[in-house]
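S.K.: So the sequence lines, in the order shown, correspond to chains C and S.
For the first sequence, counting from 1, position 231 maps to 757 in the working numbering; every step adds exactly one.
For the second sequence, counting from 1, position 231 maps to 757 in the working numbering; every step adds exactly one.
Ideal Cβ placement from N, Cα and C applies to all residues, glycine included.
Model, not experiment: these values are computed from the prediction.
There are 2 protein chains.
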Amino acid sequence: MYKVADKEETKSSLQQIVNWSKAKYRYRTFESDRQIPTRSKILYLVHQGAVKLMAKSNFSGNYHLEEDKNTPEQPQESFLGFVGEGQLFELVDGAKFEINAYAQIDETSVLWMYWHELDNWPNFRREVFAFFRFQQQRKLLAIATLSQRNTIDRLYGFLSLMIEEHGIAYTNKTQPNQANGYYLPWSITHAEIASAIGSTRVTVTRLLGELREQGLIDTYRSHYFCLPPKNP
Amino acid sequence: MYKVADKEETKSSLQQIVNWSKAKYRYRTFESDRQIPTRSKILYLVHQGAVKLMAKSNFSGNYHLEEDKNTPEQPQESFLGFVGEGQLFELVDGAKFEINAYAQIDETSVLWMYWHELDNWPNFRREVFAFFRFQQQRKLLAIATLSQRNTIDRLYGFLSLMIEEHGIAYTNKTQPNQANGYYLPWSITHAEIASAIGSTRVTVTRLLGELREQGLIDTYRSHYFCLPPKNP
Chain C
527 MYKVADKEET
537 KSSLQQIVNW
547 SKAKYRYRTF
557 ESDRQIPTRS
567 KILYLVHQGA
577 VKLMAKSNFS
587 GNYHLEEDKN
597 TPEQPQESFL
607 GFVGEGQLFE
617 LVDGAKFEIN
627 AYAQIDETSV
637 LWMYWHELDN
647 WPNFRREVFA
657 FFRFQQQRKL
667 LAIATLSQRN
677 TIDRLYGFLS
687 LMIEEHGIAY
697 TNKTQPNQAN
707 GYYLPWSITH
717 AEIASAIGST
727 RVTVTRLLGE
737 LREQGLIDTY
747 RSHYFCLPPK
757 NP
Chain S
527 MYKVADKEET
537 KSSLQQIVNW
547 SKAKYRYRTF
557 ESDRQIPTRS
567 KILYLVHQGA
577 VKLMAKSNFS
587 GNYHLEEDKN
597 TPEQPQESFL
607 GFVGEGQLFE
617 LVDGAKFEIN
627 AYAQIDETSV
637 LWMYWHELDN
647 WPNFRREVFA
657 FFRFQQQRKL
667 LAIATLSQRN
677 TIDRLYGFLS
687 LMIEEHGIAY
697 TNKTQPNQAN
707 GYYLPWSITH
717 AEIASAIGST
727 RVTVTRLLGE
737 LREQGLIDTY
747 RSHYFCLPPK
757 NP
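Okay, here's the thing in structure tokens:
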């Protein structure tokens, strides 16, 4: 996973920033599923745990079409992605969305700062820059994935991107000399996946079955999604 | 539209960079629809004109499902977005996509540099940073839009985001005192829109009719999409 302040020379900057944010009451720890209060123009760093970003849409009510009456009730929020330990986020509200952050797991700690305060830590600022550069590339791939017409392409692409970005290596115990697979270390429900890829829970469940049968997606310890090791 | 080097103090940096890139043969002008050769880890600046980003997917062939046989042939490339004058891009290939850049209009000029070369222009580097920060926010909104289950929400959201980001103000000639509307200064086909939002050309054409009837999307000078002025 891509992290800021992962190198030796910036680890001390990170420690300074953590101390600074605690002294300024800009450091808070959340239990699982608690919403993290956010404001625009502030930079948030996930120091421990993981954060889940969700978008609440204000589309409904803009227009009324015959066909809309047949679609099931729109889910309230759609899943946008995770922000892991050592990663950053900044939220902005669009005209049509309110984007919110939630602690994904217990003991999720977040610190925050104004952008200009980054000038105090030039090394760290450089890593923040590199992180946003990296994110921009990942988001282009996410957009390309969500533009796919077949739901199974969006589903497989979405899970692959998430596991590529946040996955943790595991070894197949029965064949310890084989290549590693990668698993996503957080739970995500079929309903959340459906909200991310514009589908329904029922369809996601069915298509996950297909992907599993073909050995493209698997589960690790029964509730984490994983990409199986590539056959040599 | 958000541009780098739009402020007085960075305009001279931009001119220096243009001169530098020309002297180093890192400046090229393209005719409409020509592909712009790109490499990873290089930063591209659109100096004049506009660039269109497209993703070619390698999904097909990964798996074969009954239902896939009924879907029409997958479009070769999906439209990801525009990069306007004074904006930047960097492309990366994912396992499942090849992302390409094309000149959207004649006389589109692009210059490029390695990332470490940005250190020569600290003011400009700061603006590049701000641009990627801004882009990260825009892309989160794009992802939220594409996660919508109803095609009309994706369509209306996609066009709104594009016009918000790249739109040019126009005044209603018959009521010059009214608020401005905004139009997208480049043509985009219904097939390109369909490829961006995971739909078909036929559906896009039909839903655009619905949005037009409700006064949510209009066309300016008959072939540019626009958001009509908001009624006071």
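Name, please, each residue of chain S whose Cβ falls closer than 7 Å to the Cβ of residue 655 (chain C).
M.R.: Residues of chain S passing the Cβ test: 655.
S.K.: Say whether chain S places a C-beta atom closer than 8 Å to the C-beta of residue 625 (chain C).
M.R.: For residue 625 (chain C), the answer is yes, since a Cβ of chain S falls inside 8 Å of its Cβ.
S.K.: Rounded C-beta distance between residue 693 (chain S) and residue 606 (chain S)? I'm assuming under 8 Å.
M.R.: That belief does not hold up - the Cβ atoms of residue 693 (chain S) and residue 606 (chain S) are roughly 18 Å apart, past 8 Å.
S.K.: In angstroms with no decimal places, state the Cα-to-Cα distance between residue 623 (chain C) and residue 676 (chain S).
M.R.: Cα to Cα, the separation comes out at about 15 Å.
S.K.: For a test of the three-state rule: what should DSSP assign to residue 642 (chain C), helix, strand or coil?
M.R.: Three-state result, residue 642 (chain C): helix.
S.K.: Along the alpha helix (DSSP H) that carries residue 547 (chain C), what are the first and last residues, could you check?
M.R.: That run of the alpha helix (DSSP H) goes 534-549.
S.K.: Can you check DSSP and say which residues form a bridge with residue 564 (chain S)?
M.R.: Paired residue(s): none; residue 564 (chain S) is not in a bridge.
S.K.: Enumerate, from N- to C-terminal direction, the unbroken beta strand (DSSP E) stretches of 3 or more residues contained entirely within the stretch 595-678 of chain S.
M.R.: Taking only runs of at least 3 residues, the beta strand (DSSP E) segments lying wholly in the stretch 595-678 of chain S are 603-609, 623-629 and 634-640.
S.K.: Select from S:701, S:685, S:559 and S:726 the residue whose C-alpha is nearest the C-alpha of residue 635 (chain S).
M.R.: Nearest C-alpha to residue 635 (chain S): S:559.
S.K.: Residues in the stretch 604-629 of chain C with C-beta within 8 Å of chain S's C-beta atoms, listed in sequence order?
M.R.: If the cut-off is 8 Å between Cβ atoms, the stretch 604-629 of chain C has 604, 605, 606, 607, 616, 617, 618, 620, 621, 622, 623 and 625 near chain S.
S.K.: Checking contacts by CB at 8 Å: is residue 567 (chain C) closer than that to chain S?
M.R.: Cβ-Cβ to chain S under 8 Å: no for residue 567 (chain C).
S.K.: Are the stretch 639-651 of chain C and the stretch 713-729 of chain S in contact at 8 Å, needing three or more beta carbon pairs?
M.R.: Output reads no: the stretch 713-729 of chain S does not touch the stretch 639-651 of chain C.
S.K.: Counting only Cβ pairs nearer than 8 Å, list the residues of chain C close to residue 722 (chain S).
M.R.: Going along chain C in sequence order, the residues near residue 722 (chain S) (Cβ under 8 Å) are 673.
S.K.: Return helix, strand or coil for residue 687 (chain S), following the three-state DSSP convention.
M.R.: Residue 687 (chain S): helix per DSSP, three-state reduction.
S.K.: Per the contact definition of three or more C-beta pairs closer than 8 Å, is the stretch 613-629 of chain S in contact with the stretch 578-586 of chain S?
M.R.: Contact holds: three or more Cβ-Cβ distances are below 8 Å.
S.K.: Output, in chain order, the set of chain S residues within a Cβ distance shorter than 8 Å of residue 585 (chain C).
M.R.: Those are 674, 676, 679, 682 and 683, listed as they occur along chain S.
S.K.: Tell me, please, whether the stretch 725-739 of chain C touches the stretch 659-666 of chain C by the rule of three or more beta-carbon pairs shorter than 8 Å.
M.R.: The stretch 725-739 of chain C, when compared against the stretch 659-666 of chain C, does not touch it at the 8 Å Cβ threshold.
S.K.: Ordered along the chain, which non-local residues of its own chain (more than five positions away) have a Cβ less than 6 Å from that of residue 533 (chain C)?
M.R.: The answer is none, since no qualifying residue turns up.
S.K.: Starting from residue 555 (chain C), trace the beta strand (DSSP E) both ways and give me its first and last residue.
M.R.: 553-556 is the extent of the beta strand (DSSP E) around residue 555 (chain C).
S.K.: Going along the stretch 639-670 of chain C in order, which residues come within less than 7 Å of chain S, judged by CB to CB distance?
M.R.: Here the close residues are 655, 658, 659, 661, 662, 663, 665, 666, 667, 668, 669 and 670.
S.K.: How would you label residue 701 (chain S), buried or exposed, when you count the other beta carbons within 10 angstroms and need 16 or more for buried?
M.R.: Its Cβ having fewer than 16 others within 10 Å, residue 701 (chain S) is exposed.
S.K.: Expressed to the nearest angstrom, what Euclidean distance is found between the alpha-carbon atoms of residue 706 (chain C) and residue 735 (chain C)?
M.R.: If I take the Cα positions, the gap works out to 22 Å.
S.K.: In whole angstroms, what is the alpha-carbon distance linking residue 633 (chain S) and residue 737 (chain C)?
M.R.: Rounded to whole angstroms, residue 633 (chain S) to residue 737 (chain C) spans 46 Å at the Cα level.
S.K.: Between the alpha carbons of residue 659 (chain C) and residue 658 (chain S), how many angstroms are there, rounded?
M.R.: Those two C-alpha atoms are separated by around 6 Å.
S.K.: I want to see whether chain C comes within less than 8 Å of residue 595 (chain S), judged by CB atoms only; does it?
M.R.: Caution applies to residue 595 (chain S), whose pLDDT of 49 falls short of 50 and renders its modelled position unreliable; the value that the coordinates give is listed next. Chain C, which has no Cβ nearer than 8 Å to the Cβ of residue 595 (chain S), makes this no.
S.K.: Strictly below 9 Å CB to CB, what residues from chain S border residue 686 (chain C)?
M.R.: Those are 620, 621 and 622, listed as they occur along chain S.
S.K.: Mind checking the stretch 707-733 of chain C against chain S and listing, in chain order, the residues whose C-beta falls within less than 9 Å of any C-beta there?
M.R.: The stretch 707-733 of chain C vs chain S, Cβ under 9 Å: 720, 721, 722, 723, 724, 725, 726 and 733.
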